[in-house]
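Sequences listed follow chains A and B, in order. Numbering-wise, the first sequence is residues 564 to 894 according to the working numbering. Numbering-wise, the second sequence is residues 564 to 894 according to the working numbering. One structure is given below, encoded as structure tokens.
2 protein chains.
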Amino acid sequence: MTMEYKAILLKKRPTGDFTPDCFETTTLTTPQLSDGQFLVKQTHMSLDPAMRTWVQDNPDSYLPPVGIGEVMRAFGVGVVVESKNADFPVGSQVYGMTGWTEYCLGGEDMQLVPEGVSVEALMCCFNVPGLTAYAALKKTKPKAGETLVVTGASGSVGSIVGQIAKYQGLRVIGIGGPQEEKIKWMEEELGFDKAINYTSPTLKEEIDAALPDGANIFVELTGGPAQHYVFEKMARYGRIEVIGVMADYNKEVPALGPSWVQVNLKVLNIDGFIITDHYDEMQECFDYLAEMIKNGKLHYQSHYIEGLDSAFKGVHMLFTGQNLGKLIVKL
Amino acid sequence: MTMEYKAILLKKRPTGDFTPDCFETTTLTTPQLSDGQFLVKQTHMSLDPAMRTWVQDNPDSYLPPVGIGEVMRAFGVGVVVESKNADFPVGSQVYGMTGWTEYCLGGEDMQLVPEGVSVEALMCCFNVPGLTAYAALKKTKPKAGETLVVTGASGSVGSIVGQIAKYQGLRVIGIGGPQEEKIKWMEEELGFDKAINYTSPTLKEEIDAALPDGANIFVELTGGPAQHYVFEKMARYGRIEVIGVMADYNKEVPALGPSWVQVNLKVLNIDGFIITDHYDEMQECFDYLAEMIKNGKLHYQSHYIEGLDSAFKGVHMLFTGQNLGKLIVKL
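Right, here's the structure in full:
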């Protein structure tokens, strides 16, 4: 049985912002399955800042760029609707790389959604955002009593970084927003010691005031002016984990980084993080976060938008901080 | 017995370049020795780019700043001329922190010059430059077959970094100069695979051409445009060791560094190095370099200037690349 479905292709590479003309909606036909294959109807599609790097023609990046005319890459959750693979029977819920599409063939990276885990928890905590936060923080060797600053702190990854750090006894300063409700959420629900709005006109002064003894760890997700202000306040032997530089992904020429003079004098370490190096920590991360949830120490928020085409405006929301929680397209 | 001697004090902190009015020559009197003390007549005083950082009022730096009115800090070699310490009898040759002075009291950090080591080899290779080069390179975990770029490559530290890397089977690109004889020296005597003049108008093109597969390791000593050009050519999982940013020490506002976008996408690591963290590797380093010298694999050059006052012009030579080899003031 074949049927028609909607998918969105990458039509051209953006030079700055994602614009709708970078994409093209098309109608495709589901294939006849061969042995071992299974067909997935996507139900939840994740929108992530990393998408901007996936469409960049950068041969050195950690994933090959999405090809022109190919279905745009995404992580998602779906249901198996047809199967010639006994491990993935019809009706089972799976997650993995799906793409901007209503249907897709189950790929090698697809896995069954573990029992007892809700789709929302899976998308908000366990998979990409959770493993990113968990493994990146672990690389910085955090110690109880240290002070950590995280940017993008009200976002899906940053909010988990901060909560794990609090759980491990660190002092946590979150820079996020811009909505006042996100600032409140960080201080009142997530328990951060201080939440700072990244759009504040007194951003530098607030960062300085929050770091009387400097920052031991800086988990960077956004770039922008906060990068320089936090960098200036790094304590000796400070560790910086660069998970992303969201403010710069849309720029043709990214903003320069801080001078290396202090890297030398303060013996700092600036380290790059990509999730693909850390898939072997998935189980350990899963166990850790599940325990935090059980103890009521891991909070998350999702922000749903509806229908495949909503992805066009969704990718913009990410870069302007409009989403209130993990951005998920419901299909 | 006391006598008068000349010393140079730090009079004020420079804002940009070291200028002669930052210093003041004074006449002091040698003290009466207490038990355990010894008096050193300095014979060789080292001039190092790090001096610019030692006079900066930066409470976070790895050494406390030299105080206003204090003798300017320096590393040197001297002879014990009076002693109430049996471990350092009159006539023994010692090295350690001496200062810009003709005489000084032997401090805790002073050691006897090991037998069989010439003062020139000690100052050029074994002590500060050698340990810096050895320990910094070791931090980058070099592997035979990898490509290493070093800036300040014709200087005292950079030339040793490059030679150790060659000795360990790496491909070495040295960026140094500006004199043509330094370029020749790097390629013909030190055996670097390519030497590039940092003042070349085609610096970027030459760096690009020398790195068809990118750089795995970048040992940074100078800053300046080369920093950005080499950074752009870093290979995935590249390691950068920041020993110094000499071009920026004299600037009130140091030049910005490269964007962190590639730190993330190429999984780079930028690490700060200070020698004070590595004194425990001194013996291991000494043995390693001694073996290289025995095998004819470690070459060095010294550049002597005469008399304590020559330090005024000497510190300038360092920042303009005028010295041909390790700069030493003979007293």
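Quick reminder that beta carbons are idealized off the backbone N, C-alpha and C, glycines included.
### Query
Name the chain A residues that come within less than 7 Å of Glu783/B, Cβ to Cβ?
Mapped onto the second sequence, residue 783/B falls at position 220. Correct list: Trp823.
### Query
Which residues of chain B have a Cβ atom closer than 7 Å to the Cβ of Leu694/A, listed in chain order?
The sequence position of residue 694/A within the first sequence is 131, counting from 1. Simply none; closest approach about 16 Å.
### Query
So which residues of chain B does Pro817/A contact, with C-beta pairs closer than 7 Å?
Position 254 of the first sequence holds residue 817/A. The contacting residues are Ser822 and Val824.
### Task
Report whether the distance from the Cβ of Gly807/B to the nearest heavy atom of the ligand SAM is below 7 Å.
This structure lacks the ligand SAM, and indeed carries no ligand of any kind.
### Query
Beta-carbon separation of Gly754/B and Phe781/B under 8 Å?
The count along the second sequence starts at 1 and reaches residue 754/B at position 191. The count along the second sequence starts at 1 and reaches residue 781/B at position 218. Not closer than 8 Å, so no.
### Task
Give me the Cα-Cα distance between Pro677/B and Glu587/B, rounded to the nearest whole angstrom.
The sequence position of residue 677/B within the second sequence is 114, counting from 1. The sequence position of residue 587/B within the second sequence is 24, counting from 1. Near 34 Å, if we compare the C-alpha coordinates of Glu587/B and Pro677/B.
### Task
Taking Leu596/B as the reference, give the member of Val643/B, Met855/B, Asp843/B and Lys860/B with the closest Cα.
In the second sequence, residue 596/B corresponds to position 33, counting from 1. Comparing Cα positions, the closest option is Val643/B.
### Query
Are Lys829/A and Met797/A close, meaning C-beta to C-beta below 8 Å?
Counting from one through the first sequence, the residue named residue 829/A turns up at place 266. Counting from one through the first sequence, the residue named residue 797/A turns up at place 234. Against a cut-off of 8 Å, the Cβ pair of Met797/A and Lys829/A comes out as a contact.
### Query
Mind pulling the chain A residues with CB within less than 9 Å of Gly786/B?
By 1-based counting over the second sequence, the position of residue 786/B is 223. Residues of chain A passing the Cβ test: Ser822, Trp823 and Val824.
### Query
Under three-state DSSP, which class holds Tyr761/B?
Translated into the one-based positions of the second sequence, residue 761/B becomes position 198. Coil, per DSSP.
### Task
Report the partner residues of Arg915/A according to the DSSP bridge assignment.
Nothing can be reported for residue 915/A, as the shown portion of chain A is limited to 564 through 894.
### Task
Give a yes or no on whether the minimum CB-CB distance between Asp811/A and chain B is below 8 Å.
As a working mapping, residue 811/A is identified with position 248 in the first sequence. So, interface residue.
### Query
Does DSSP put Phe781/B in a helix, in a strand, or in coil?
Taking the second sequence and counting its residues from 1, one reaches residue 781/B at position 218. The answer is strand: DSSP assigns Phe781/B an E or B state.
### Task
Pick out whichever of Asp620/A, Thr590/A and Gly859/A has its Cα sitting closest to the Cα of Val634/A.
Translated into the one-based positions of the first sequence, residue 634/A becomes position 71. Of the candidates Asp620/A, Thr590/A and Gly859/A, the one whose C-alpha sits nearest the C-alpha of Val634/A is Thr590/A.
### Task
Look at the Cβ atom of Gly641/B, then the Cβ atom of Val618/B, and state whether they are nearer than 8 Å.
For the purposes of this step, residue 641/B is taken as the residue at position 78 of the second sequence. For the purposes of this step, residue 618/B is taken as the residue at position 55 of the second sequence. In this structure, Val618/B does not lie closer than 8 Å to Gly641/B by Cβ.
### Task
Please name the residues in the stretch 617-646 of chain B whose beta-carbon is closer than 9 Å to at least one beta-carbon of chain A, in chain order.
Gln619, Asn621, Asp623, Ser624 and Tyr625
### Task
Output yes if chain B places a C-beta closer than 8 Å to the C-beta of Arg802/A; else output no.
For this step, residue 802/A is matched to residue 239 along the first sequence. So no, Arg802/A is outside the interface.
### Cβ neighbours of Asn886/B in the same chain (closer than 7 Å, five flanking residues each side left out)
Walking along the second sequence from the start, residue 886/B turns up at place 323. So the list reads His866 and Met880, once near-sequence residues are dropped.
### Query
Going by Cα to Cα distance, which pick from Met809/A, Leu894/A, Ala778/A and Ile803/A is closest to Leu784/A?
Reading the first sequence from its first residue, position 221 is the one you call residue 784/A. For the residues Met809/A, Leu894/A, Ala778/A and Ile803/A, the minimum Cα distance to Leu784/A belongs to Met809/A.
### Query
If Val824/B sits next to Asp580/A, beta carbons under 8 Å apart, how far is it from one beta carbon to the other, in whole angstroms?
Stepping through the second sequence from its first residue, residue 824/B is reached at position 261. Stepping through the first sequence from its first residue, residue 580/A is reached at position 17. With 8 Å as the limit, Val824/B and Asp580/A do not qualify as a contact, their Cβ atoms being about 16 Å apart.
### Task
Rounded to whole angstroms, what's the CA-CA distance from Lys767/A to Glu795/A? Just pull it up for me.
Mapped onto the first sequence, residue 767/A falls at position 204. Mapped onto the first sequence, residue 795/A falls at position 232. Near 10 Å, if we compare the C-alpha coordinates of Glu795/A and Lys767/A.
### Task
Can you pull the chain A residues whose beta carbon is under 7 Å from the beta carbon of Ile806/B, in chain order?
Here residue 806/B is taken as the residue at index 243 of the second sequence, counted from 1. Within chain A, the residues near Ile806/B are Asn827.
### Glu752/B burial status per 10 Å Cβ neighbour count (16 or more: buried)
As a working note, residue 752/B is residue 189 in the second sequence. The residue is exposed, with fewer than 16 neighbouring Cβ atoms inside 10 Å.
### Query
With DSSP run on the structure shown, which of helix, strand or coil describes Phe836/A?
Here residue 836/A corresponds to residue number 273 of the first sequence, with the count starting at 1. DSSP places Phe836/A in coil when its eight states are reduced to three.
### Query
Taking C-beta to C-beta, are Gly820/B and Leu819/A nearer than 8 Å?
For this step, residue 820/B is matched to residue 257 along the second sequence. For this step, residue 819/A is matched to residue 256 along the first sequence. It is a contact, given that the beta carbons lie within the stated cut-off.
### Task
Return yes when the Cβ of Lys647/B is within less than 8 Å of the Cβ of Asp598/B, no when it is not.
Sequence index remark: in the second sequence, residue 598/B carries index 35 (1-based). Sequence index remark: in the second sequence, residue 647/B carries index 84 (1-based). Closer than 8 Å, so yes.
### Task
Would you mind telling me which residues of chain B sit closer than 8 Å to Glu836/A, beta carbon to beta carbon, in chain order?
In the first sequence, residue 836/A corresponds to position 273, counting from 1. Glu is not the amino acid found at residue 836/A; the sequence shown has Phe there. Residues of chain B passing the Cβ test: Asn827 and Val830.
### alpha helix (DSSP H) runs wholly inside the stretch 832-886 of chain A, at least 4 long, in chain order
845-857 and 873-883
### Query
Taking Cβ-Cβ distances shorter than 9 Å, what residues in chain B pair up with Arg576/A?
Counting from one through the first sequence, the residue named residue 576/A turns up at place 13. Result: empty, since nearest Cβ-Cβ is about 15 Å, beyond 9 Å.
### Task
Show which residues of chain B have a CB atom less than 8 Å away from the CB atom of Asp840/A.
Along the first sequence, read from residue 1 onward, the residue named residue 840/A stands at position 277. Going along chain B in sequence order, the residues near Asp840/A (Cβ under 8 Å) are Val830.
#### Entry: Environment of Val816/A [buried if 16+ CB atoms lie within 10 Å]
Indexing the first sequence from 1 puts residue 816/A at position 253. By the 10 Å Cβ count, Val816/A comes out exposed.
### Query
So, is the C-beta of Arg799/A closer than 8 Å to a C-beta in chain B?
Here residue 799/A corresponds to residue number 236 of the first sequence, with the count starting at 1. Arg799/A counts as touching chain B.
### Task
Might you give, ordered along the chain, the residues of its own chain that have their beta carbon closer than 7 Å to the beta carbon of Gly884/B, omitting 5 neighbours on each side?
Taking the first residue of the second sequence as position 1, residue 884/B is located at position 321. Once the five neighbours on either side are set aside, the close Cβ partners of Gly884/B are Gly740 and Pro741.
#### Entry: Option in Leu852/A, Leu871/A and Leu700/A with minimal Cα separation from Met686/A
Along the first sequence, read from residue 1 onward, the residue named residue 686/A stands at position 123. Checking every option, the nearest Cα to that of Met686/A belongs to Leu852/A.
### Task
Report the neighbours of Ile723/B on chain A: residues whose CB is nearer than 8 Å to its CB, in chain order.
Position 160 of the second sequence, counted from the start, is the residue given in the question as residue 723/B. By Cβ distance, chain A contributes nothing, its closest Cβ being about 18 Å from Ile723/B, past 8 Å.
### Message
Going residue by residue through the stretch 764-827 of chain B, where are the continuous alpha helix (DSSP H) segments of at least 4 residues, counting only ones entirely within it?
### Response
766-773, 788-795 and 809-812
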